[in-house]
Amino acid sequence: MITDDLSRELTPEQRSPSSEVLLGRAAMTLGFTAVQLWAFFELTPWELSGTALVALVVVMAAAFLVVVESWEQIFRNAAAMLRTSTDLDREAS
34 MITDDLSREL TPEQRSPSSE VLLGRAAMTL GFTAVQLWAF FELTPWELSG
84 TALVALVVVM AAAFLVVVES WEQIFRNAAA MLRTSTDLDR EAS
């Protein structure tokens with residue numbers, strides 16, 4: 034019995050994405066992580082103060098949270114794919 038309302042709204046492809054989708058998400062997240070690190074090291078030497086400094090901190094904190102959540106989702110989906118493929122291998126044996 035499915036008790037989670039969100040899982041009822043998802044299609045099977047959304048619940049367990051293919052390896053191509055997972056690889057694409059990982060590539061996009063890796064690119065976003067690289068851009069975020071570049072921006073951080075590029076903007077850090079600037080001597081900002083006041084509103085500009087607060088804006089930079091807020092934007093970088095939000096970007097950091099997005100990166101952490103994206104990597105967590107990628108690892109969770111990869112683990113689910115590994116469990117699914119292991120279950121399928123066991124059933125075939």
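Going from the sequence shown to our numbering is simple: count from 1 and add 33.
Here a beta-carbon is modelled for each residue, glycine too, at the ideal position from N, C-alpha and C.
- request: Reducing DSSP to helix, strand and coil, say where threonine 117 ends up.
  value: Within the sequence shown, residue 117 is the residue found at index 84, counting from 1. Threonine 117: helix per DSSP, three-state reduction.
query: When the Cα atoms are used, what is the spatial distance from leucine 115 to alanine 95?
result: For the purposes of this step, residue 115 is identified with residue 82 of the sequence shown, where counting begins at 1. For the purposes of this step, residue 95 is identified with residue 62 of the sequence shown, where counting begins at 1. Using only the alpha carbons, I get a separation of about 30 Å.
- prompt: Touch check for the stretch 90 to 110 and the stretch 62 to 75: three-plus C-beta pairs under 8 Å?
  reply: In short, these stretches touch, since the Cβ pair count reaches three.
- prompt: Under three-state DSSP, which class holds threonine 84?
  reply: Counted from its first residue, the sequence shown places residue 84 at position 51. Correct three-state label for threonine 84: helix.
- prompt: Just the Cα atoms here: how many angstroms apart are valine 90 and alanine 112?
  reply: For the purposes of this step, residue 90 is taken as residue 57 along the sequence shown, with counting starting at 1. For the purposes of this step, residue 112 is taken as residue 79 along the sequence shown, with counting starting at 1. Using only the alpha carbons, I get a separation of about 33 Å.
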